[in-house]
Structure formats: C-alpha cells, structure tokens
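Undergrad: Under UniProt numbering, the first residue of the sequence shown carries the number 1, and numbering increases by one thereafter.
Take a look at the following structure, please.
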Amino acid sequence: MSQPVSHLAEVALPLFETDEAQPVPVMGTKARLPSYISDHRARLRERFMSGGAAALPDYEMLELVLFRAIPRQDVKPLARRLLDRFGDFNGVLSASPSRLKEMHGVGDAVVQELKIVEAAAHRLSRARVMGRRVVSSWDQLIDYCHTTMSHRETEQFRVLYLDRKNTLIADEAAAEGTVGHVPVYPREIVKRALELSASALILVHNHPSGDPSPSRDDIDMTERVRSAAAALEITLHDHIIIGKSREVSYRSDGYLT
C-alpha cells in the first residue's frame, strides 16, 4: 500500500500551521532547508522509490508522512517520539487526534496528514474485499479487519453483509463502544440485512486489550444474533474478534457450529 512520494525541494511556506516553531524567511528571499535536512529527505525519498516500504523502518516511513506537514525542519525526532508513544507505524496512524496532540510538536497539520494516510490505507484495503466472494478473498478480508480495527482504542462492532453467492455487498459499523463494551442490537442487524437483501452475515469486533479471546458476553451476543437471523433464513457465517496481532474466528475455533 505504499504511495509514491514526489521529489520536490520544499522551499515554499507551509500550507498548515504546526506547533513547531518555524524559521521566518527574510523579506524578498526564499526560505531554504539546511542542506543536511534537504539531502536526508532526498535520500529517503530515493530509497522509498527504489525499494518501496520494505526498504524503510517505521520511523523513516513516518518521516515521509511528516515531511508534508512540517516542511522546513528535521522530523526524525518527532517520528521517534511518536513511535515510542504509540508502538508502531499503524499505532501512530490509528491514534486519536486528541492523543496525538498531547505530543509536543504535533499540531493540526501533522494530525491531518496522519489521518489522510490512515483513511487511504482503509479505503485501499476495503476495495480489495468489496464485491468479491468471501471464500476466495478470506485472507484479504482478515487483513482489512486488522487494518481498520486492531489499533482502535475502543470497541467497534461491524457487520459484513453477503449475498446468495457469498459476495460481500456491504460493510457497516453497527455500533461504537467503550474500552471493554459495545452495545449490539440483533434486531437492527437483521433489519438492515433485509434492507440490503443479504442472505448471510459475518460479525466483526475488536478487543482493545489486544487479546481476541471471546468473553461470555461475546458468546451470548453471537447466539442472539444467530437466532434472530435464522428466524428469517439469514445465515451467520462467522464472528471474528480482532486483537492486536491475531484474530479469533468463531467458526474455525468451534464457537459457532
């Protein structure tokens, strides 16, 4: 999901305000980057273009994103502080704007760039599964669920609606919750399935704790949804719980037979 990065010298004023103090250009002259910063940025962009994301560690990928938000400063220290705080590249992108702004040097410009990249990643991942048969795109579906949910700080409950050919026709967030709870209403899920003429469902939710093991409440809720759907001849194919680095499939792990 790497995106090309333009190789332009950044000599104009920034488009957005940031919390970092910016050097003020002298009237009638162009503000220029110190050569050690501009050379570093050029080398980093060249390595990205020649080797892709695999050629760069997380902090350098993060630098590439920060270049646009902070055009005339060394962003490596900020990239490392963000990774120290949020763990990895995905953790930084998924962090809430309020938590990001707790970091020194992070203003609206930085938050905007991070959220643009996060949204692009979600959209690309989603495009790989929408309109495709679930059986033939299961790995991509799991990747999509991890991309959109594994680093969330609160629980989210999503429903994937399938047609008679098990093609994914809709993916909708049905409920948002807290760190350890999300309200789920089986009647609303089934009602929406009827509106979409869906024949089957896959439930997905995340555990912010990182452990995807189902709780008793998770198991009971799944059975309520299964019963409500079965009454209208709608099949519950699976319930997937997303953790930080792994997932649990009710179907594969024997919770749903």
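All C-beta atoms, glycine included, are put in the ideal place defined by N, C-alpha and C.
#1: Can you find the residues in the same chain that come closer than 8 angstroms, C-beta to C-beta, to residue 210, ignoring five residues on each side of it along the sequence?
#2: Buried or exposed: residue 77, going by 16 or more other Cβ atoms within 10 Å of its Cβ?
#3: To the nearest angstrom, report how far apart residue 165 and residue 193 are at their CA atoms.
#4: May I ask which residues mark the beginning and end of the alpha helix (DSSP H) holding residue 139?
#5: Go to residue 94, then tell me how far its beta strand (DSSP E) extends in each direction, as first and last residue.
#6: Excluding the 5 residues preceding and the 5 following residue 114 in the sequence, name in chain order all residues of the same chain whose CB lies nearer than 6 angstroms to its CB.
#7: Buried or exposed, going by whether 16 or more other CB atoms sit within 10 Å of the CB of residue 219?
#8: Determine, using beta carbons only, whether residue 214 and residue 239 come nearer to each other than 9 angstroms.
#9: Looking only at its chain, what residues have a beta carbon closer than 7 angstroms to the beta carbon of residue 195, apart from the 5 residues adjacent to it on each side?
#10: Quick check on this structure: which residue in 57, 224 and 69 has the alpha carbon closest to the alpha carbon of residue 107?
#11: Hey, quick one: how far does the beta strand (DSSP E) through residue 154 stretch, first residue to last?
#12: Could you tell me the distance, in whole angstroms, from the CA atom of residue 188 to the CA atom of residue 173?
#13: Hey, quick one: how far does the alpha helix (DSSP H) through residue 253 stretch, first residue to last?
#14: Who are the near neighbours of residue 26 in its chain, counting only those whose CB is closer than 7 angstroms to its CB and skipping five residues on each side?
#15: Enumerate in chain order the residues of its own chain whose CB-to-CB distance from residue 75 is below 7 angstroms, with the five nearest sequence positions on each side excluded.
#16: According to DSSP, is residue 133 helix, strand or coil?
#17: With C-beta atoms as the reference, is residue 205 less than 9 angstroms away from residue 158?
#18: Within the continuous beta strand (DSSP E) that includes residue 233, where are the two ends?
#19: Would you mind stating whether residue 144 and residue 126 have Cβ atoms separated by less than 9 angstroms?
#20: Nearest-angstrom Cα distance between residue 251 and residue 149?
#21: Just list the residues that DSSP pairs residue 206 with in beta bridges.
#22: Only counting runs of 3 or more residues, tell me where the beta strand (DSSP E) segments fall wholly within the region 51-92, in order along the chain.
#23: Quick check on the DSSP output: the alpha helix (DSSP H) that includes residue 108 runs from which residue to which?
#24: Quick check on the DSSP output: the alpha helix (DSSP H) that includes residue 168 runs from which residue to which?
TA: To lay it out plainly:
#1: 243, 244 and 245
#2: Around the CB of residue 77, fewer than 16 other CB atoms lie within 10 Å, so the residue is classed as exposed.
#3: 15 angstroms
#4: 138-149
#5: Here residue 94 belongs to no beta strand (DSSP E); instead the alpha helix (DSSP H) covers 89-94.
#6: 93
#7: exposed
#8: yes
#9: Hits under 7 angstroms: none found.
#10: The option with the nearest alpha carbon to residue 107 is 69.
#11: That residue, residue 154, is in no beta strand (DSSP E); it is neither H nor E in DSSP.
#12: 12 angstroms
#13: Unbroken run through residue 253: none, as it is neither H nor E.
#14: Low local confidence applies: a pLDDT of 41 at residue 26 is under 50, so the model's placement there is unreliable, with the coordinate-based value given in what follows. Hits under 7 angstroms: none found.
#15: 63, 66 and 67
#16: strand
#17: yes
#18: Per DSSP, residue 233 belongs to no beta strand (DSSP E) and is neither H nor E.
#19: The criterion of a C-beta distance shorter than 9 angstroms is satisfied by residue 144 and residue 126.
#20: 20 angstroms
#21: 242
#22: none
#23: 108-127
#24: Element bounds for residue 168: not the alpha helix (DSSP H) but the beta strand (DSSP E), 168-176.
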